[in-house]
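2 protein chains.
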Amino acid sequence: MKLGLNLSFAIKRWIGGENMARIISEELGYDRVQFTWDLVDPSWPADTRDRIAGDYAQSFRKAGIAIESSFGGLASYTYNHFLAPTRDLRDLGKLHLRNAIDMTAAMEVKAAGMPLGSYSAADALDRQRREEIYREALEAIVELSRHAKSRGLETLLIEPVPLSTEFPSSAEDALRLMRDLDGATDIPVRLLVDWGHAMFPALFGDDANMDHWQKTCGEFIHSYHIQQTDGLLDRHWNFTRKGIVTPELLAEFWNRHGLTDQTYFLEIIYPFEQPDDEVLSDMKNATRLLRAVQ
Amino acid sequence: MKLGLNLSFAIKRWIGGENMARIISEELGYDRVQFTWDLVDPSWPADTRDRIAGDYAQSFRKAGIAIESSFGGLASYTYNHFLAPTRDLRDLGKLHLRNAIDMTAAMEVKAAGMPLGSYSAADALDRQRREEIYREALEAIVELSRHAKSRGLETLLIEPVPLSTEFPSSAEDALRLMRDLDGATDIPVRLLVDWGHAMFPALFGDDANMDHWQKTCGEFIHSYHIQQTDGLLDRHWNFTRKGIVTPELLAEFWNRHGLTDQTYFLEIIYPFEQPDDEVLSDMKNATRLLRAVQ
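The listed protein sequences derive, respectively, from chains A and B.
Letter by letter, the first sequence follows residues 1 to 294 of full-length UniProt numbering.
Letter by letter, the second sequence follows residues 1 to 294 of full-length UniProt numbering.
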């Protein structure tokens, strides 16, 4: 299986291109990463933002590390974006992804993505409002795909999340989004599916397994987030912990479906108050467990 | 004890002034809140940002809800800000608080605050670097206090956090910061102390209790965050859960120290995937428990 590293584990700890490249390459031994917007906020003034993001990109390249995509993290996930209840807020969601596309282009990275957004509590229960806002979101993504193409990007990614108040959450939602966008966008929009979001029985019942996702919308899956979870909440634990996702399950799935290109990005979110040395050592141990089953 | 409500519990769920005012006032019965930047990102373009923030402020006032301060939340806490390893990043921290001050002024709210920031893993272990960066942070806060005064603010707030890689974390750190700023700023800079951050034995040992904080830097404490925790991580659970902070302890502390003005802001952070109705019902139950001991 093709392993990559989402950089969420590192936020606030290992800062700056050279420093981070050393951690990724020498300490953890990865040559493929997904850059998180939690390291560089897309809303920072463009000149400074692109200088900081460019430093990561150049250092990574120098160290032989490919940046496959850039992706929204914790800070991005805090706001409602494309599914917000007001026009003002939805426009800000659009601006957010537009800024992220520009930053991604400045890094000479070819793909960028995020979850689509969150309905308000009230809108989530109103079928007609959901539908109207969803239609607007489609238009916004189509428009942004044009911008992304003009900036040299080749793919946009949307991540389903385990909440009925957001969209897409189920595999069926995700398929609908893909079909609604297919052929309408200037560059392909594809799915990034998180194993911990998919294996969420409280929301998906018997369909809370990756085979269901693969069967339903597998042709649109561009890459995966992998994380350990107990299926009760969206844990983003590492594989040093026991849970319902095992390295063996990941490898068996990869092999049985004959996957080749769809990177498994290890996306671990540590509590901020966990000491840096514990985080690094835990990342090493988990990486060892994942490599043992390849 | 004087209870207030930090709005972190509501993010992505109850959006917009009128909607949120109804939840705060009618559903939960609070008349005093701390507004979180997780509802309005200070980095949004100023016109739109101030229109959205202003809508909250006007609706709250109409409903008789006082906004005592605005404060950084999850998204803000994702970045290194004033203690970042590079000048670029530290300047962005300064811009972040400056934007938040402008937004707070547009809401006609008199106080704003956040944690100061985070050192990188490397800087955190280097006493000299820590000191140099800390000195710069002091200058930045002094400069921002001038800006805040010019915009009509009366207080800036800094929140200590339970991490040795950030500053201030201990009560002694917090006292040092207060003394270093005292008299140098154009408006007072004060502490907002979180009970769950203070009661963190892994870092503070025997001093992990609020009496120690009160004794050490109590004269500078402007307000508190209250949350339930097990003392192992920074949980931000609600008081419907068992833990080391009890409503009785909060009330006993308030009465014994003869507190009068320093609002206890209930700051609860729910997993995003927790259903909205569960969150609201949990907030009601916890509020009932807190009011029972007043």
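Quick reminder that beta carbons are idealized off the backbone N, C-alpha and C, glycines included.
Exercise for review: Measure from the C-beta of Ile-269 (chain A) to each C-beta in chain B and report whether the shortest distance is under 8 Å.
Suggested key: No, because no Cβ of chain B sits closer than 8 Å to the Cβ of Ile-269 (chain A).
Point to revise | Where Ala-46 (chain B) falls, given that 16 or more other Cβ within 10 Å makes a residue buried | key: Around the Cβ of Ala-46 (chain B), a 10 Å sphere holds fewer than 16 other Cβ atoms; the residue is exposed.
Review point. At what residue ranges does the region 113 to 173 of chain A contain a whole run of the alpha helix (DSSP H), taking only runs of 4 or more?
Key: Taking only runs of at least 4 residues, the alpha helix (DSSP H) segments lying wholly in the region 113 to 173 of chain A are 121 to 124, 127 to 150.
Exercise for review: In the DSSP assignment, find the alpha helix (DSSP H) that holds Ala-286 (chain A) and state where it starts and stops.
Suggested key: Note, Ala-286 (chain A): alpha helix (DSSP H), 276 to 292.
Practice item. Could you have a look at Asp-194 (chain B) and say whether DSSP puts it in helix, strand or coil? Key: Three-state DSSP puts Asp-194 (chain B) in a strand.
Practice item. Determine, using beta-carbon pairs with one atom in the region 126 to 141 of chain B and one in the region 30 to 42 of chain A, whether at least three such pairs fall under 8 Å. Key: With a cut-off of 8 Å, the region 30 to 42 of chain A and the region 126 to 141 of chain B do not count as touching, because too few Cβ pairs lie within range.
**Study point:** 8 Å Cβ cutoff, Gln-234 (chain A) in contact with chain B
**Key:** Sequence check: residue 234 (chain A) is Asp here, not Gln. By this cut-off, Asp-234 (chain A) is an interface position.
Point to revise | Local Cβ density within 10 Å of Leu-39 (chain A), reported as buried at 16 or more and exposed below that | key: Burial of Leu-39 (chain A) is indicated by the presence of at least 16 other C-beta atoms within 10 angstroms of its C-beta.
Exercise for review: Compare the C-beta of Thr-287 (chain B) against all C-beta atoms of chain A and say whether one is closer than 8 Å.
Suggested key: Not closer than 8 Å to any Cβ of chain A, the Cβ of Thr-287 (chain B) fails to qualify, so no.
Check your understanding: Is the region 62 to 79 of chain A touching the region 93 to 105 of chain A, taking contact as three or more C-beta pairs under 8 Å?
Key -> A contact exists between the region 62 to 79 of chain A and the region 93 to 105 of chain A.
Practice item. Return no unless some Cβ of chain A is closer than 8 Å to the Cβ of Ile-101 (chain B). Key: So no, Ile-101 (chain B) is outside the interface.
Point to revise | Beta-bridge pairing of Leu-266 (chain A) - partner residues as DSSP gives them | key: Listed as beta-bridge partners of Leu-266 (chain A) by DSSP are A:Leu-5, A:Ile-226.
Practice item. Compare the C-alpha of Ala-17 (chain B) against each of B:Thr-263, B:Ile-67, B:Asp-180 and name the closest. Key: Reading the sequence as shown, one finds Gly at residue 17 (chain B) and not Ala. Taking the Cα of Gly-17 (chain B) as reference, the smallest distance to any Cα among B:Thr-263, B:Ile-67, B:Asp-180 is reached at B:Ile-67.
Check your understanding: If you check the beta carbons only, do Phe-220 (chain B) and Ser-170 (chain B) fall under 8 Å apart?
Key -> At the C-beta level, Phe-220 (chain B) and Ser-170 (chain B) stay beyond 8 Å of one another.
Exercise for review: Take the Cβ of Asn-285 (chain A) as the centre, count every other Cβ of all protein chains shown within 10 Å, and call the residue buried at 16 or more, exposed below.
Suggested key: Classification of Asn-285 (chain A): exposed, given that the 10 Å Cβ count is below 16.
**Study point:** Contacting residues, own chain, Cβ-Cβ under 7 Å from Ser-145 (chain A) (five flanking each side not counted)
**Key:** The beta carbon of Ser-145 (chain A) is closer than 7 Å to those of Leu-156, Thr-185, Asp-186, Ile-187, Val-189 in its chain, skipping five residues each way along the sequence.
Review point. Is the region 50 to 57 of chain B touching the region 194 to 212 of chain B, taking contact as three or more C-beta pairs under 8 Å?
Key: No, the region 50 to 57 of chain B is not in contact with the region 194 to 212 of chain B.
Exercise for review: Would you mind giving the Cβ-Cβ distance between Thr-36 (chain A) and Leu-7 (chain A), rounded to the nearest angstrom? I have them listed as a contact below 8 Å.
Suggested key: 5 Å between Cβ atoms; contact.
Check your understanding: Under the DSSP definition of a beta bridge, which residues are partnered with Ser-69 (chain A)?
Key -> Assignment of beta-bridge partners to Ser-69 (chain A) by DSSP yields A:Gln-34.
Point to revise | Helix, strand or coil at His-81 (chain B) according to DSSP, with G and I counted as helix | key: Note: His-81 (chain B) maps to strand in three-state DSSP.
Check your understanding: What number of angstroms, rounded off, separates the C-alpha of Ala-148 (chain B) from the C-alpha of Asp-123 (chain B)?
Key -> So the alpha carbons of these two residues sit roughly 29 Å apart.
Review point. How would you label Asp-277 (chain B), buried or exposed, when you count the other beta carbons within 10 angstroms and need 16 or more for buried?
Key: Exposed: under 16 other Cβ atoms inside 10 Å.
Review point. In its own chain, which residues sit with a C-beta less than 8 Å from the C-beta of His-257 (chain A), not counting the 5 before and 5 after it?
Key: So the list reads Gln-214, Gly-218, once near-sequence residues are dropped.
Exercise for review: Note down, in chain order, every chain B residue with its Cβ under 7 Å from the Cβ of Trp-44 (chain A).
Suggested key: Ordered by position in chain B, the residues that pass the 7 Å Cβ test against Trp-44 (chain A) are Leu-92.
Practice item. Out of B:Gln-58, B:Arg-129, B:Ser-76, point me to the one whose CA is closest to Phe-272 (chain A)'s CA. Key: Comparing alpha-carbon positions, the option among B:Gln-58, B:Arg-129, B:Ser-76 lying closest to Phe-272 (chain A) turns out to be B:Ser-76.
Review point. Can you tell me whether Gln-128 (chain B) is buried or exposed, with buried defined as 16 or more other CB within 10 angstroms of its CB?
Key: By the 10 Å Cβ count, Gln-128 (chain B) comes out exposed.
Check your understanding: Going along the region 69 to 87 of chain B in order, which residues come within less than 9 Å of chain A, judged by CB to CB distance?
Key -> Residues passing the 9 Å Cβ filter: Gly-73, Leu-74, Ala-75, Ser-76, Tyr-77, Thr-78, Tyr-79, Asn-80, Ala-84, Pro-85, Thr-86.
Exercise for review: Return helix, strand or coil for Ala-111 (chain A), following the three-state DSSP convention.
Suggested key: DSSP places Ala-111 (chain A) in strand when its eight states are reduced to three.
Point to revise | CB contact check: Arg-241 (chain A) to chain B, cutoff 8 Å | key: Using beta-carbon distances, Arg-241 (chain A) does not count as an interface residue toward chain B, since no partner is under 8 Å.
Point to revise | Cβ-Cβ distance between Ala-282 (chain A) and Thr-246 (chain A) below 8 Å | key: A quick correction: the sequence has Asp, not Ala, at residue 282 (chain A). No Cβ-Cβ contact shorter than 8 Å links Asp-282 (chain A) with Thr-246 (chain A).
Check your understanding: How many angstroms separate the CA atom of Glu-166 (chain B) from the CA atom of His-197 (chain B)?
Key -> Each residue's Cα considered, the two are about 12 Å apart.
Point to revise | 8 Å contact criterion, which Pro-160 (chain B) and Ala-174 (chain B) should meet: CB distance rounded | key: Confirmed, Cβ separation roughly 5 Å.
Check your understanding: In terms of DSSP beta bridges, what is Trp-237 (chain B) paired with?
Key -> Paired residue(s): B:Gln-228.
Check your understanding: What does Glu-273 (chain A) touch in chain B if you count any residue whose Cβ is under 7 Å from its own?
Key -> What Glu-273 (chain A) touches in chain B: Pro-162, Leu-163, Leu-233, Asp-234.
**Study point:** 8 Å contact criterion, which Leu-192 (chain A) and Tyr-224 (chain A) should meet: CB distance rounded
**Key:** Taking C-beta atoms under 8 Å as the contact rule, Leu-192 (chain A) and Tyr-224 (chain A) qualify, at a distance of about 7 Å.
Practice item. Go ahead and pull the three-state DSSP assignment for Ile-221 (chain B). Key: In the structure shown, the three-state DSSP call for Ile-221 (chain B) is strand.
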